[in-house]
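Let me begin by presenting the structure, written as structure tokens, before commenting on it.
Protein chains: 2
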Amino acid sequence: MVTLAEVAQHAGVSASTVSYVLSGKRSISATTRQRVEQSIRELGYHPNAGARALASSRSNIIALMIPLRTDMYVPVMMEIAIAVATTARTHGYDVLLLTGEEGPDAVRRVTGSGLADAMILMDVQLDDERLPLLRGTDQPSVLIGLPADTAGLTCVDLDFKATGALCVEHLAMLGHRDIAVIGEAPAVYERHTGFAERTLDGLRARSQELGMRLLHRPCEGGYDAMAVTLARIFDERPSTTGFVVQNESAVEPLLALLRQQGRAVPEDVSVVAICPDQVATQASVRLTSVSIPAQEMGRHAVEQLAAKLDGRGSDEVVLIAPELTVRASTGPAPTATH
Amino acid sequence: MVTLAEVAQHAGVSASTVSYVLSGKRSISATTRQRVEQSIRELGYHPNAGARALASSRSNIIALMIPLRTDMYVPVMMEIAIAVATTARTHGYDVLLLTGEEGPDAVRRVTGSGLADAMILMDVQLDDERLPLLRGTDQPSVLIGLPADTAGLTCVDLDFKATGALCVEHLAMLGHRDIAVIGEAPAVYERHTGFAERTLDGLRARSQELGMRLLHRPCEGGYDAMAVTLARIFDERPSTTGFVVQNESAVEPLLALLRQQGRAVPEDVSVVAICPDQVATQASVRLTSVSIPAQEMGRHAVEQLAAKLDGRGSDEVVLIAPELTVRASTGPAPTATH
DNA sequence: AAAAGCTGTCGAAGCGCTTCGACAACCTAT
DNA sequence: ATAGGTTGTCGAAGCGCTTCGACAGCTTTT
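Listed in order, the protein sequences are those of chains W and B.
Quick note: the first sequence uses full-length UniProt numbering, first residue 1, plus one each step.
Quick note: the second sequence uses full-length UniProt numbering, first residue 1, plus one each step.
Set out below in structure tokens:
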């Protein structure tokens with residue numbers, strides 16, 4: 001393995017000079033710089049990560065905690081992870097992948113060992129056990145998601161409340177009055193994962209304001225669960241003409257069942273989905289949807305951290321404004337047409 | 001930040017003694033050990049990762065290179081990544097997430113900088129540019145996937161050739177004679193990603209042996225692409241009664257289109273999928289499938305590496321035997337029933 | 001012409017840990 | 001009782017880097 005000292009010798013300068021060429025923290029004459037860079041290239045030198053971390057107290061690593069369970073939003077998680085990794089590289093950081101498995105201990109371990117300079121947490125519960133630890137350390141962190149109390153924290157998330165409102169507004173504008181919400185699996189609500197409840201808040205508040213009737217049913221993914229849920233909905237409120245779906249794995253079952261029951265989309269019922277664009281465009285009906293900007297969230301989180309690590313940036317909550325794209329799954333409410 | 005020296009002082013021993021308590025590399029009396037462990041707990045000590053890496057030339061980190069593109073097998077990638085991360089932790093390793101973006105440079109960077117002790121590579125091309133680099137370093141690595149030349153490499157993968165054969169056998173046993181393969185997107189074949197071609201090899205070889213006729217059509221995911229592909233297949237070979245699907249995002253479109261055309265599954269046509277179990281059980285028809293053992297591959301890869309890093313283990317190719325689970329999408333060929 | 005200020009480079013200290021050799025203290029075999 | 005082992009602990013060196021202070025050699029100011 002090539003060391004700094006070897007590069008220095010090869011270039012005929014001292015070790016510190018090479019270090020300053022690398023870091024740019026002191027001015028170096030053009031000729032010396034070139035000579036050093038040449039030596040670096042010729043010898044194929046890569047600075048040793050451990051030594052660097054030890055000497056500078058900076059690992060240039062960002063830790064990313066992803067949820068262990070894969071009961072929801074797998075493609076979203078993946079997209080975020082990839083966006084985080086690629087964005088981090090452009091800022092000179094690598095990404096350490098931690099699963100939720102260790103729980104709060106992972107936070108202790110990472111901050112205590114100096115393994116990473118900063119952390120990104122996903123799958124944040126409203127009252128997450130990791131939050132006190134984050135508040136008690138001076139290591140920067142960003143949450144993707146929104147806990148109940150955001151004081152002293154930096155968060156990035158889609159504005160799910162506005163998302164809920166937006167879905168309702170779109171359906172209202174089309175004349176729908178009775179709408180049903182196919183929610184996430186019950187477990188997601190029990191866990192108090194913020195986004196599900198916030199969406200529901202938005203849906204409820206706006207539908208009330210607009211004088212609409214709303215039915216909310218959590219739903220596991222898959223056909224059987226969906227069949228039961230759908231039957232119940234039409235049983236309780238046969239006049240339902242609008243659906244909002246917030247569960248990727250319920251989308252296709254819902255469409256198939258509606259089709260099977262002879263209810264045409266969008267002529268008889270309209271469906272709005274809250275899902276990544278990819279799902280919306282690949283479904284059997286091209287879905288009107290509010291997209292989940294996974295990449296943007298991941299990128300934003302890293303940029304916040306990079307700013308904080310540079311001494312810039314501060315704590316703030318960034319809620320990304322939802323955007324609804326009209327596709328082929330929504331249309332005027334049937335009663336509104338005559 | 002608490003240091004080894006502070007722990008040593010607190011426990012009234014030397015730094016090296018604390019180090020040996022931690023590593024277990026020399027015998028320590030029970031009383032001393034307990035005193036040290038007590039101090040560690042009281043002070044909340046975590047060894048500094050950088051210092052440890054520098055002194056021991058071991059980072060206790062495994063690098064995982066995942067593909068940047070998300071055009072296939074997203075849930076599989078995710079499952080592998082999670083399995084790798086959790087298994088790594090049980091062996092005392094953390095996982096560094098690298099995307100394919102950097103290409104071969106990532107390998108150079110990681111091995112050169114001592115960032116990681118070992119690497120796991122996914123999305124391996126038949127003639128991958130990273131392979132020469134891996135062969136030229138003494139850093140252990142494992143490929144998830146199979147390149148053309150495996151000399152000097154350790155690989156883990158599903159035995160896709162046997163998988164292809166198994167699918168054909170199952171359909172043959174049910175009396176099907178004309179079968180169609182809905183393959184991965186054309187780009188996957190062009191990239192020469194081994195698994196797709198190996199599956200095809202297995203399908204072709206076994207169907208020839210069994211005197212069956214086989215049609216192979218690559219297919220992008222989604223409804224439109226599937227509609228075109230399916231039309232072409234029934235056009236060219238109307239007698240087709242068996243399908244093998246190797247593209248998750250083609251599964252649901254295929255089923256929907258068949259249903260729409262009045263072809264009952266499994267009465268008129270049978271469908272065998274090659275996909276994770278989760279997809280097979282959540283589809284609109286419970287699919288007979290060969291599962292992709294993502295977790296097992298991830299776990300196995302880490303265990304191979306852990307063994308190598310312990311000086312045990314050696315280069316070998318492990319092909320996991322496919323298992324076909326019969327569900328509700330396959331049945332006797334229609335002509336075979338009378 | 002002296003003082004003051006830059007610029008570019010160097011030497012040395014030290015980051016927190018692992019690990020090697022040394023050695024005291026004890027135990028066992030002769 | 002002595003030589004030869006064990007066992008448990010310590011001190012010191014050193015891993016490869018960053019960074020601070022020093023300073024030589026300039027240029028600019030007074």
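C-beta: ideal position from N, C-alpha, C; glycine also.
In this text, all values refer to a predicted model and were calculated from it rather than measured experimentally.
CB contact below 8 Å: residue i versus chain B
i, result
"W:LEU258", "no"
"W:VAL74", "yes"
"W:THR300", "According to the sequence shown, residue 300 of chain W is His rather than Thr. By this cut-off, W:HIS300 is not an interface position."
"W:THR17", "no"
"W:GLY24", "no"
"W:SER249", "yes"
Supposed contact pair residue j and residue i - C-beta distance, whole angstroms, cut 8 Å
i, j, result
"B:MET65", "B:VAL156", "B:MET65 to B:VAL156, Cβ: 14 Å. No contact."
"W:LEU115", "W:ILE40", "Not a contact, Cβ separation roughly 27 Å."
"W:GLN246", "W:GLU184", "6 Å"
"W:GLU79", "W:GLN295", "6 Å"
"B:ALA225", "B:CYS219", "6 Å"
"B:ALA250", "B:ILE182", "5 Å"
"W:VAL164", "W:ARG206", "The identity of residue 164 of chain W in the sequence shown is Gly, whereas the question assumes Val. Correct: roughly 7 Å between the Cβ atoms."
"W:ARG327", "W:SER289", "7 Å"
"residue 346 of chain B", "B:VAL107", "Outside the displayed span of chain B (1 to 338) sits residue 346 of chain B, for which this structure offers no information."
"B:GLN125", "B:THR199", "Actually they are not in contact, since the Cβ atoms of B:GLN125 and B:THR199 sit about 16 Å apart, beyond 8 Å."
"W:ASP123", "W:GLY145", "7 Å"
"W:ALA88", "W:VAL302", "5 Å"
Simplified DSSP assignment, three categories, for residue i
i, result
"W:GLY178", "Note that residue 178 of chain W is Asp in the sequence shown here, rather than Gly. Correct three-state label for W:ASP178: strand."
"B:ILE28", "coil"
"W:LEU97", "strand"
"W:ILE62", "strand"
"B:MET297", "helix"
"B:ASP138", "coil"
"B:MET226", "helix"
"W:HIS216", "strand"
"B:GLN282", "helix"
"B:LEU203", "helix"
"B:MET1", "coil"
"B:VAL156", "strand"
"B:VAL271", "strand"
"W:GLN125", "strand"
"W:ILE292", "coil"
"W:ALA336", "Any answer about W:ALA336 is weak, because its pLDDT of 47 lies below 50 and its placement is not dependable; what the coordinates show is given next. In this structure, W:ALA336 counts as helix in the three-state DSSP scheme."
"W:LEU319", "strand"
"B:LEU115", "coil"
"B:ALA150", "The sequence shown places Thr at residue 150 of chain B, not Ala. Looking at B:THR150 - three-state DSSP - the assignment turns out to be coil, as it is neither helix nor strand."
Within chain B, partners of residue i - CB distance below 8 Å
i, result
"W:PRO104", "The contacting residues do not exist; W:PRO104 stays about 13 Å from chain B at best."
"W:ILE82", "ILE66, LEU68, THR70, THR99"
"W:LEU158", "Within chain B, no residue comes near W:LEU158; the closest Cβ sits about 19 Å away, beyond 8 Å."
"W:LEU96", "ILE61, ASP94, VAL95, LEU96, LEU97"
Interface flag, residue i vs chain W, CB-CB below 8 Å
i, result
"B:LEU230", "no"
"B:ASN48", "yes"
"B:ARG89", "yes"
"B:MET78", "yes"
"B:THR86", "yes"
"B:LEU54", "yes"
"B:ALA51", "yes"
Partners in chain B for residue i, counting only beta-carbon separations shorter than 9 Å
i, result
"W:PRO253", "GLN282, SER284"
"W:GLY44", "ARG108, GLY112"
Proximal residues of chain B, C-beta to C-beta of residue i below 7 Å
i, result
"W:THR335", "Result: empty, since nearest Cβ-Cβ is about 28 Å, beyond 7 Å."
"W:TYR223", "SER284"
*Please name the residues in the region 109-124 of chain B whose beta-carbon is closer than 7 Å to at least one beta-carbon of chain W, in chain order.*
ARG109, GLY112, SER113, GLY114, LEU115
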